[in-house]
Every structure is written in C-alpha cells, then in structure tokens.
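*Asks:* Below you'll find the structure I mean.
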Amino acid sequence: IARYIKFMEQHFIGQATLKAVLKYKNAFVLVREKNEDKWILPGGRLNVGESPENGILREIKEELSVDCNIEKIISVGAYHGGDISKNPKFFVYYLASVTTNQEIVINNEIAEFVLISKKEELEKYPTYQSYKDVIEKFLL
C-alpha cells in the first residue's frame, strides 16, 4: 500500500472545472450564482465518465438553457486556494458561442446574468482574477 500512496502523490487528484467565455449577441456572458457576490464564467464540474466537451455543453445547457458551439480551448490552469494540501481544481477554459436564435433562460442555480463587450464594463462586476485574465483577451 505504501507504493500505491507514493504513486498517488505524483498524480493529480482533484476536480475538473470547465468554464466558457461564451459569445452571445455580440457580447460575452457572466453569471452570478444565488447567494454569491462574485460574477463568474458559465460552466461547472466535469462528471465522472463525461468528456470535457460534453461537460461544458451540458453545464451551459443546464445553467442558461441554450445550445452552443465550442470553438477552442483558450486556457488551462490549476487552483488550490492558497492551501497546497487541498486537492486542486483543474480548470479548462473554452471559447464558445451560443447557436443562433436562442434566448438565455437562467436555471435555479443562477441569480442573474450580464453581457459584457468592453473591458471597462468588466470592472463593474466583481470576479476572480483568473476569469478576468481569460475574458479580457476578447473584450474591446
């Protein structure tokens, strides 16, 4: 068993989180979950046995009731909240766009959504630096 523990120490054990810089009506979507102050990119956790691409499509459909096209992976990263003894979250950020003629309808996890098209608009909405770094590349 000691050999197994040593093996596991060398490999990632954590959760995979999938997020989308989601294009919608010439802007990008930020959401605020219920009981949260920060605005985030739409998405969520990867389920067991699910491909990352199917996971982000499912999360967007669940949260915003729209179908989308994945364009590409734009960034990846890991976050452990400053405590390296915790299992980290592995993030995959996608560039995606809502398919035509659909309207966003938020689910019961989401309190509200906003559309952002300019960097100065992003400053109005408190968010995590990692999300800012990813989305700012696409704003005017």
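In this note's numbering, the protein residues as written are 63 to 202. All residues carry an ideal CB built from backbone N, CA and C; glycine is no exception. Keep in mind the model is a prediction, meaning the values are calculated, not measured.
I135 lies in the beta strand (DSSP E); which residues open and close that run?
*Replies:* C130 to Y141
*Asks:* With DSSP as the reference, identify every bridge partner of T79, one or two as the case may be.
*Replies:* R107 and F153
*Asks:* Counting beta carbon pairs with one atom in the region 103–110 and one in the region 132–144, are three or more of them shorter than 8 Å?
*Replies:* no
*Asks:* Flag this pair as touching only if the region 146–163 and the region 82–89 have three or more C-beta atom pairs under 8 Å; answer yes or no.
*Replies:* A contact between stretches requires three or more CB pairs, one per stretch, nearer than 8 Å, and the region 146–163 meets this requirement with the region 82–89.
*Asks:* Below 8 Å on the Cβ atoms is my contact criterion, and I expect I166 with L126 to pass it. Report the Cβ-Cβ distance as a whole number of Å.
*Replies:* 5 Å
*Asks:* For L201, which three-state DSSP category applies?
*Replies:* coil
*Asks:* Might you give, ordered along the chain, the residues of its own chain that have their beta carbon closer than 8 Å to the beta carbon of I168, omitting 5 neighbours on each side?
*Replies:* V93, E125, L126, S127, E174 and F175
*Asks:* Taking 9 Å as the threshold (C-beta atoms), are L184 and I197 in contact?
*Replies:* yes
*Asks:* Can you tell which of I178, Y187 and Q191 has the C-alpha that lies nearest to the C-alpha of N88?
*Replies:* Residue I178 is the option with its Cα nearest to N88.
*Asks:* Taking DSSP as the reference, what is the three-state secondary structure of S192?
*Replies:* helix
*Asks:* What does the alpha-carbon distance come out to for the pair Y190 and K100?
*Replies:* 7 Å
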